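Quick note: the sequence shown, position 277, residue 277 per UniProt numbering, numbers continuous. Glycine included, C-beta positions come from ideal geometry on N, C-alpha and C. Note that the structure is a prediction, hence the values are computed from the model and not measured. Here is the structure we will look at, set down as structure tokens.
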Amino acid sequence: MPKNSKVVKRDLDDEVIESVKDLLSNEDSSDDAFKKSELMVEDPEEKDVDVEEGSDVEDERPAWNSKLQYILAQVGFSVGLGNVWRFPYLCQKNGGGAYLVPYLILLLIIGIPLFFLELAVGQRIRRGSIGVWNYISPKLGGIGFASCVVCFFVALYYNVIIGWSLFYFSQSFQHPLPWDQCPLVKNASHTFVEPECEKSSATTYYWYREALNISSSLSESGGLNWKMTICLLAAWVMVCLAMIKGIQSSGKIMYFSSLFPYVVLLCFLIRGLLLNGSVDGIRHMFTPKLEIMLEPKVWREAATQVFFALGLGFGGVIAFSSYNKRDNNCHFDAVLVSFINFFTSVLATLVVFAVLGFKANIINEKCVTQNSEKILKLLKMGNLSQDMIPHHINFSSITAEDYNLVYDIIQKVKEEQFDSLGLKSCQIEDELDKAVQGTGLAFIAFTEAMTHFPASPFWSVMFFLMLVNLGLGSMFGTIEGIITPIVDTFKVRKEILTVICCLVAFFIGLIFVQRSGNYFVTMFDDYSATLPLLIVVILENIAVIRIYGIDKFMEDLKDMLGFSPSQYYYYMWKYVSPFVLLCLLVASIVQMGLSPPGYNAWIEDTATEEFHSYPTWGMIVCISLMVLAILPVPIVFMVRRCNLIDDSSGSLASVSYKRGRIIKEPVNLEGDNTSLIHGKSPSEVPSPNFGKNIYRKQTGSPTLDTAPNGRYGIGYLMADMPDMPESDL
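Right, dumping it as structure tokens:
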């Protein structure tokens, strides 16, 4: 330090002391509470130190150990089971490789901009979803509560899927796998194959009968499935132990839970490419069907997938970003995580169709063998002439190409009698066109394909362990979207709240491990999140862009990031994203109205799925799920609008200070016009830097004097000042 710096520092300290004396001397005699308050002036060099950078403020906020840990947490939350069993299905259904075009366009229009918006407000205000939207506008504080409710609904059934994966994982340590063959039933006279299994398949039978022991309708409860109840308990114990210390505990687990799925996917891709028929599956997957791409339904489903793939509206994104430093480049994070999510979906699609191509090839070979035997019988019976069979065809080792050649010849020659012959075409594309998604893909189709792998138990263990980790990564973000806002708002202990939340969720989740539980999972998946989350994100966009102000928000981002964000985001947030979201909301409502509300029930006698409409009480539950999820928004708005809660009681007189910072968080008043970047979260607002001038609100003045640097120059909040309106604080 230069010699004259001490002199300068001493002069500055003298000025600070004189300024404080001037401030106190100007106070009215009635301001006893203000005079008695403890004023501690920090060194000017420490004036910009944030809470997370070493301050010993009592409510110091946790922080990520590293940027990598944070990125892995966001990736783990956004990359979930939907990337593995939803995206490949949509890709296959909606034009193959052509589906990637609308998906990428919508990712740029609504995905990245809205993901960036949630990261920015969470990082700047450093609160969970309730605190963030209450800070911007108390009347819209219900947005955060709605996010918490949706997170709770989703967590209830999402952890059931993790429980299913744990069950299959536990059953994979045996050879042959228990779903490899149909079970045999013995009676007094003979042994025969289980009829339900014989009518379907070994993996289908194992899923519906051995794992779920499913009932035939939603109304038929059938009691608890104890195997799945134990697995559900294990899943909630895992989540509770991982989340009990917040990001200090879950952050370390992210290194494994977020990275392990990529190791498994790469192993499956390499192994799948070595299997016969895998190239056919991948070729079928990425063959573009451009005519399908122009259908409105494709764009609606692509927008919905983008929306849910990034976890928008859940509150988990905001909660995770609230533990960042304020100067973190959240724009880079938004782009990085969004494209990691996209490429993960593409990688999972490659794996799925490589394996399904192998499975389709095996089924096609069986089809060729069975139908070749039929042709030989028809030749022996004289129904077909030997002259129509090419001389090079050898039915004992016939290929798929040779069979299709014979099939085409017979179809042309025996055109009128062809249907009575009972021959099938045996095209591998027909098998690949059978769209499978969700549990049908993971627990039936993919599981059946793995039974044909060499060392199938090893691959089964790896696959279901991957599903468990994908599910846990998303569950951590979902639970964080519940815990963080409640802890920030109501100041409860995180450990106690986490345990209570997991216990309550487990006991409510018992409805999903009844014999009819799979139907309730379908109900919650269809109705508890889609519309409420769309409404939540639309309101988030309105809150930031219209109520807070997009120009002010762009200035905040410039100060936070150190550079001005592209004007692209300005136009996306202000015009394009709200319009697309409204269109998506309307399209979803129309789709929900046109689709009859119901579920696919498994019928034991026929071993097939049959569509059932929801009973009256089931419809009431579906409607209640949507209403309860969005109900906090109008309730909080009316409470604030009608002043049903006295915000001022005990809030101003109880403010305390430590190291020049406000410790107890005052009520966030709606009239506060402080920007996100300059007006820090109330519990972290630094005390003013006293110098030659004190910028302070004089009693009764209608406006706030503004310091030259643009900050509001209120020295300390005044206690017991009846003549100061709330809106001026």
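Measure the Cβ-Cβ separation of residue i and residue j and say whether it is below 8 angstroms.
{"i": "residue 183", "j": "residue 573", "result": "no"}
{"i": "residue 398", "j": "residue 155", "result": "no"}
{"i": "residue 353", "j": "residue 281", "result": "yes"}
{"i": "residue 69", "j": "residue 320", "result": "no"}
{"i": "residue 101", "j": "residue 381", "result": "no"}
{"i": "residue 341", "j": "residue 277", "result": "no"}
{"i": "residue 333", "j": "residue 560", "result": "no"}
{"i": "residue 214", "j": "residue 602", "result": "yes"}
{"i": "residue 275", "j": "residue 518", "result": "no"}
{"i": "residue 585", "j": "residue 224", "result": "no"}
{"i": "residue 153", "j": "residue 473", "result": "no"}
{"i": "residue 116", "j": "residue 264", "result": "no"}
{"i": "residue 468", "j": "residue 173", "result": "no"}
{"i": "residue 432", "j": "residue 481", "result": "no"}
{"i": "residue 539", "j": "residue 110", "result": "no"}
{"i": "residue 207", "j": "residue 453", "result": "no"}
{"i": "residue 286", "j": "residue 95", "result": "no"}
{"i": "residue 636", "j": "residue 240", "result": "no"}
{"i": "residue 313", "j": "residue 147", "result": "yes"}
{"i": "residue 228", "j": "residue 483", "result": "no"}
{"i": "residue 348", "j": "residue 580", "result": "no"}
{"i": "residue 515", "j": "residue 139", "result": "no"}
{"i": "residue 446", "j": "residue 355", "result": "yes"}
Roughly how many angstroms lie between the CA atoms of residue i and residue j, to the nearest whole one?
{"i": "residue 587", "j": "residue 300", "result": "7 angstroms"}
{"i": "residue 44", "j": "residue 471", "result": "Residue placement at residue 44 is poorly supported in this model, since its pLDDT is 40, which falls under 50; the coordinates still yield a value, given next. Rounded to whole angstroms, residue 44 to residue 471 spans 48 angstroms at the Cα level."}
{"i": "residue 677", "j": "residue 122", "result": "Since pLDDT at residue 677 reaches only 41, below the 50 mark, its modelled position is unreliable, and the value read off the structure follows with that caveat. Looking at the two C-alpha atoms, the distance is approximately 12 angstroms."}
{"i": "residue 449", "j": "residue 218", "result": "30 angstroms"}
{"i": "residue 363", "j": "residue 537", "result": "45 angstroms"}
{"i": "residue 233", "j": "residue 175", "result": "27 angstroms"}
{"i": "residue 246", "j": "residue 256", "result": "17 angstroms"}
{"i": "residue 617", "j": "residue 79", "result": "34 angstroms"}
{"i": "residue 59", "j": "residue 129", "result": "Interpretation of residue 59 is limited by its pLDDT of 47, a score under 50 that renders its predicted location unreliable; no figure is taken from the coordinates."}
{"i": "residue 783", "j": "residue 322", "result": "Since the displayed the chain opens at 1 and closes at 729, residue 783 lies outside it and no answer follows."}
{"i": "residue 550", "j": "residue 610", "result": "51 angstroms"}
{"i": "residue 731", "j": "residue 541", "result": "Nothing about residue 731 can be read from this structure; the chain reaches only from 1 to 729."}
{"i": "residue 82", "j": "residue 335", "result": "20 angstroms"}
{"i": "residue 529", "j": "residue 199", "result": "36 angstroms"}
{"i": "residue 410", "j": "residue 434", "result": "26 angstroms"}
{"i": "residue 418", "j": "residue 402", "result": "18 angstroms"}
{"i": "residue 775", "j": "residue 367", "result": "With the chain represented from 1 up to 729, any question about residue 775 goes unanswered, as that position is not in the structure."}
{"i": "residue 492", "j": "residue 502", "result": "16 angstroms"}
{"i": "residue 53", "j": "residue 324", "result": "Note that residue 53 scores a pLDDT of 38, beneath 50, so its modelled location is shaky and nothing firm can be said."}
{"i": "residue 150", "j": "residue 373", "result": "56 angstroms"}
{"i": "residue 395", "j": "residue 383", "result": "17 angstroms"}
{"i": "residue 654", "j": "residue 630", "result": "Annotation note: pLDDT 31 at residue 654 (below 50); position unreliable, coordinate value reported separately. Each residue's Cα considered, the two are about 34 angstroms apart."}
{"i": "residue 305", "j": "residue 191", "result": "48 angstroms"}
{"i": "residue 523", "j": "residue 622", "result": "7 angstroms"}
{"i": "residue 534", "j": "residue 590", "result": "14 angstroms"}
{"i": "residue 569", "j": "residue 295", "result": "27 angstroms"}
Assuming residue i contacts residue j (C-beta within less than 8 angstroms), just tell me the rounded distance between them.
{"i": "residue 251", "j": "residue 64", "result": "6 angstroms"}
{"i": "residue 179", "j": "residue 506", "result": "In fact, because the Cβ distance is near 27 angstroms, the residues do not count as touching under 8 angstroms."}
{"i": "residue 87", "j": "residue 338", "result": "Not confirmed; about 14 angstroms, so no contact."}
{"i": "residue 598", "j": "residue 612", "result": "5 angstroms"}
{"i": "residue 390", "j": "residue 405", "result": "7 angstroms"}
{"i": "residue 421", "j": "residue 414", "result": "7 angstroms"}
{"i": "residue 607", "j": "residue 196", "result": "5 angstroms"}
{"i": "residue 284", "j": "residue 429", "result": "6 angstroms"}
{"i": "residue 512", "j": "residue 157", "result": "6 angstroms"}
{"i": "residue 457", "j": "residue 177", "result": "6 angstroms"}
Return yes when at least one heavy atom of the ligand COA lies under 7 angstroms from the C-beta of residue i, else no.
{"i": "residue 350", "result": "No copy of the ligand COA appears in this structure; indeed no ligand is present at all."}
Tell me, please, which residues DSSP counts as bridged to residue i.
{"i": "residue 184", "result": "193"}
{"i": "residue 611", "result": "600"}
{"i": "residue 514", "result": "224"}
- At what residue ranges does the segment 217-258 contain a whole run of the alpha helix (DSSP H), taking only runs of 4 or more? Listed in chain order, the complete alpha helix (DSSP H) runs (minimum 4 residues) inside the segment 217-258 are 226-243, 247-257.
- Can you give, in chain order, each stretch of the beta strand (DSSP E) that sits fully within the segment 62-102 and has at least 3 residues? The DSSP assignment places no complete beta strand (DSSP E) segment of no fewer than 3 residues inside the segment 62-102.
- Message: Runs of 4 residues minimum, wholly inside the segment 536-577: which ones carry the alpha helix (DSSP H) assignment?
- Response: Entirely contained in the segment 536-577, the alpha helix (DSSP H) runs reaching 4 residues are, in chain order, 550-561, 567-571.
- Starting from the N-terminal side, write out each stretch of the alpha helix (DSSP H) that is 4 residues or longer and does not extend beyond the segment 403-466. Taking only runs of at least 4 residues, the alpha helix (DSSP H) segments lying wholly in the segment 403-466 are 418-421, 428-432, 446-450.
- Query: Which whole runs of the beta strand (DSSP E) in the segment 286-357 are 3 residues long or more, in chain order?
  - Reply: Segments of the beta strand (DSSP E) lying fully in the segment 286-357: there are none.
- Scan the segment 110-186 and note each continuous beta strand (DSSP E) run of 3 residues or more that stays entirely inside, going in chain order. Fully enclosed beta strand (DSSP E) runs of 3 or longer: 184-186.
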